[in-house]
Amino acid sequence: MAVYCVSYDLNSPGQKYEKVHEVLKNFSKWYHIMDSTWLISTHYNATQIRDMISPYLDGSDRMFVSRVDEYSGWLTDDEWTWLSQNV
Numbered sequence: 001m002a003v004y005c006v007s008y009d010l011n012s013p014g015q016k017y018e019k020v021h022e023v024l025k026n027f028s029k030w031y032h033i034m035d036s037t038w039l040i041s042t043h044y045n046a047t048q049i050r051d052m053i054s055p056y057l058d059g060s061d062r063m064f065v066s067r068v069d070e071y072s073g074w075l076t077d078d079e080w081t082w083l084s085q086n087v
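In UniProt numbering, the protein residues as written are 1 to 87.
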């Protein structure tokens with residue numbers, strides 16, 4: 001399994017955050033790391049993940065999915081622990 005970072009901006013009125021969150025929470029391992037950024041551990045690839053989320057996006061929304069294999073930043077101890085256990 002690989003870890004992917006999923007980041008999005010839902011810009012249209014009546015955004016579907018709950019639907020996007022449902023999709024992300026269906027992955028076996030996930031961490032809601034920032035407001036609109038999630039880490040997920042899955043056997044799916046970036047395109048497949050995008051395709052699972054895209055039905056809940058509108059034309060003005062944005063999303064980025066990227067495999068995590070190297071990382072650095074300012075996070076909580078719990079977030080670093082999740083990353084070290086899953087990447």
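Where is the CB? At the ideal position from N, CA and C, for every residue including glycine.
Simplified DSSP assignment, three categories, for residue i
i            : result
lysine 16    : coil
tyrosine 56  : helix
threonine 76 : coil
histidine 32 : strand
leucine 39   : strand
valine 23    : helix
aspartate 9  : strand
Whole-number beta carbon distance between residue j and residue i, since they are thought to touch under 8 Å
i             : j         : result
arginine 67   : alanine 2 : 5 Å
isoleucine 53 : valine 87 : Wrong, their Cβ atoms sit about 21 Å apart, outside the cutoff.
Close Cβ partners of residue i (< 6 Å) along its chain, the five nearest in sequence each way excluded
i          : result
residue 91 : The displayed coordinates of the chain run from 1 to 87. Any statement about residue 91 would go beyond what the structure contains.
Residue i versus residue j - alpha carbon distance
i            : j             : result
residue 90   : arginine 62   : Any answer about residue 90 is impossible in this case: the structure gives the chain only from 1 up to 87.
glutamine 48 : histidine 32  : 19 Å
alanine 46   : serine 12     : 24 Å
serine 36    : tryptophan 80 : 18 Å
lysine 19    : lysine 25     : 10 Å
Sequence-distant residues of the same chain with beta carbon closer than 8 Å to residue i, five excluded per side
i           : result
tyrosine 17 : Leu10
leucine 75  : Ile33 and Leu83
Whether residue i touches residue j by CB criterion (7 Å)
i          : j          : result
leucine 39 : cysteine 5 : yes
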